[in-house]
Amino acid sequence: MPRPRRRKRFALIASTLVVAGAAFVVLRPDPEAPASLDEGAVSAAPAPEAEPAGGSGPPRTRGDELFRQGQSEAAFQLYEEAVAGGEADALVLTRLTLMALLDGNWTKAELYGGRIAELAPGAPEAAAAEAALRFAGTSGDERAAAAQAALDLIAANPELVLARWPVIEWLRAEERFCETLPHLDAVIAEAPALYKLHELKLNAHSRTEDWSAVAGQLEAMHRLFPDNAEVGQWLLDSYRGQGNAEGVIRLLRERAAAAGGDPAPRLELVAAVRDSQGDAAAAAELARLVEDSAGTPVASALRLELGLELLRQDRAEEAEAPLQAVVEAPESSQLTVNDARAALARALYAQGDADRAEALAQEILAQDSGHVPTLKAQAEWLIADERPEEALRKLQFASAQNGSDIEILTLQAQAHEMRGDLALAGDLLVRAVEVSEEGAAERERLAEFLRRQGKDAIADAVLGKAGAPPRWTPPEPEPAAAQPACPAP
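Quick look at the structure:
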């Protein structure tokens, strides 16, 4: 078969997928993208490839197993070995051709698609390969004719997976995304773990703004490709956009269980529990995580967070036990110990023992004069004693180390308001809202400040911004991007 001339084809380009308040990158056809197929448009979110399976057996057998597992790159290599070793049959050649077409590799598609015709001339499989290659190598009316020929083949031989590729690509180019779904499902039934097929199906649902179907497809992809972090994040954003707190927590629990020594996924889980179930549930979740992490390097960090959480909930007496455990744990770093001691000082102050609290703070600063949590604690106590100038000196030292700390900004605002510098206090509270990405607590503090100045209307407007944080708020979708939702089958 002659090599096709350079032509325009439907490459994949990035777009924004909006999921009921969430945004992430998907793919859409670009009818203006000139390229030859062998230059290959590889999708933006490829599935991570595992190492090829070990064991013995001929390449064909091992290739079949890896193909079923979705390890397309390794399966492709083994199938090529099988062809080179004389193990080729129509099924192997069909799979090689399909994977090459999905990857945009014209050279391989032409090579193995042509071998089908040599192996079984006149057979439906050969006709399907010919239609796919003709579609890939032509443009305009010839492409339409190739797609129609493929449709005719499917009508008589619905099992011809390779014939569905030109139909899918043609329908995508025509933005008839609903009509691609049965063809995609037919190919997925024969190749259930090929990531690119699932990505195309996700794209079809997103282009029709069928968010329930998008969530269902993302759940299916997460089950099939659990190690694909991007799919997991898309699913999490989808749940958040739909207000599915149960789904968010379930997914974050999976992440926390696999987090090893990283406390961040566990703390993200605690924050989600707090948002949906309240402070008491968040503390209980942290206590469970502390218990589960006993004896691991992350235990001290989680105990510290539990103590801080209890302090935030005005449960100072309960906070002492986990904080003291951090101080006494041999695996705790000196910084973690000082953080826990600063929190213990706060607990003492909250229980009315200001002298012991200040003495402990001085001990910490004697070891680390720039310890930010201790400086913040002292500033808070000075503000409570109506000594804003001294508080600001402490906060200036702390701010030099972390000028975006929300607590520092809030305490500075309180001190400046106490001094009568209302403009600067307001600016600092606005900055805290910005740093928190319009967090609810920060908006509430700003609104309370505005009400104290008699600016109730502005305060109401600030609180009117409540809702999903900006990282989940999508840009305006392109007007032509969305298609009507697909009718129920």
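Numbered per mature numbering (1 follows the signal peptide of the UniProt record, and there is no 0), the sequence shown spans residues -25 to -1, 1 to 464. Cβ atoms here follow ideal geometry from the backbone N, Cα and C, with glycine treated the same way.
Work out the CA separation of residue j and residue i for me, nearest whole Å.
i	j	result
Arg406	Leu384	7 Å
Glu284	Ala258	6 Å
Phe51	Met74	8 Å
Leu350	Gly207	39 Å
Leu169	Leu227	26 Å
Glu117	Phe110	7 Å
Glu355	Ser268	32 Å
residue 465	Ala101	Past the boundaries of the shown model lies residue 465; the chain is included only from -25 to 464, so the question cannot be answered.
residue 492	Arg35	There is simply no residue 492 to check, as the chain begins at -25 and stops at 464 in what is shown.
Ala103	Glu205	34 Å
Leu264	Ala256	12 Å
Leu146	Val58	32 Å
Arg427	Leu286	27 Å
Ala304	Glu280	15 Å
Glu361	Met393	8 Å
Trp209	His197	9 Å
Gly270	Gln309	18 Å
Val142	Ile129	10 Å
Tyr87	Ser114	22 Å
Leu94	Asn203	37 Å
Arg215	Val248	13 Å
Ala233	Ala195	20 Å
Ala300	Asp237	20 Å
Ala92	Glu105	8 Å
Leu12	Ala148	With a pLDDT of 36 at Leu12, under the threshold of 50, the predicted position of this residue should be treated as unreliable, and no value is reported.
Glu419	Glu266	34 Å
Val408	Ala398	16 Å
For residue i versus residue j, is the C-beta distance shorter than 9 Å?
i	j	result
Ala296	Gln326	no
Gln387	Ser374	yes
Tyr324	Ala332	yes
Ala294	Ala320	no
Leu367	His391	yes
Leu135	Pro99	yes
Leu244	Glu221	no
Leu137	Thr69	yes
His173	Phe200	yes
Ala317	Pro348	yes
Ala120	Thr72	no
Leu277	Arg230	no
Val223	Ser181	no
Ile433	Gln389	no
Gly401	Phe372	no
Leu159	Ala179	yes
Glu417	Leu404	yes
Phe42	Ala166	yes
residue 525	Ala125	Summary: the structure shown does not reach residue 525, with the chain confined to residues -25 through 464, and so no result is reported for it.
Lys171	Leu77	yes
Quick one: give me the first and last residue of the alpha helix (DSSP H) that residue i is part of.
i	result
Ala300	291 to 303
Pro273	Note on residue identity: the sequence assigns Val, not Pro, to residue 273. Unbroken run through Val273: none, as it is neither H nor E.
Glu149	No alpha helix (DSSP H) contains Glu149, which DSSP labels as neither H nor E.
Ala131	116 to 131
Phe372	363 to 374
Thr385	381 to 394
Glu266	254 to 267
Ala352	347 to 359
Asn313	309 to 325
Pro99	99 to 111
Pro34	34 to 44
Asn178	170 to 182
Leu403	397 to 410
Gln342	329 to 342
Phe200	That residue, Phe200, is in no alpha helix (DSSP H); it is neither H nor E in DSSP.
Ala220	220 to 232
Lys430	Unbroken run through Lys430: none, as it is neither H nor E.
Glu55	47 to 59
Glu85	81 to 94
Leu73	65 to 77
With 16 as the cutoff for other CB atoms within 10 Å, does residue i come out buried or exposed?
i	result
Gln376	exposed
Asp435	exposed
Glu26	Residue placement at Glu26 is flagged as unreliable, the pLDDT there being 45, under the threshold of 50; a coordinate-derived value is accordingly withheld.
Ser379	exposed
Glu14	Its pLDDT being 34, under 50, Glu14 is placed unreliably by the model, and the measurement read from it follows with that caveat. Answer is exposed; the Cβ neighbour count stays below 16.
Ser187	exposed
Roughly how far, in whole angstroms, is the beta-carbon of residue i from the beta-carbon of residue j, given that I think they are within contact range, below 8 Å?
i	j	result
Leu156	Cys461	6 Å
Ser307	Ser344	In fact, because the Cβ distance is near 21 Å, the residues do not count as touching under 8 Å.
Ser213	Ala246	Incorrect: roughly 18 Å between the Cβ atoms, too far for contact.
Asp330	Gln288	That belief does not hold up - the Cβ atoms of Asp330 and Gln288 are roughly 25 Å apart, past 8 Å.
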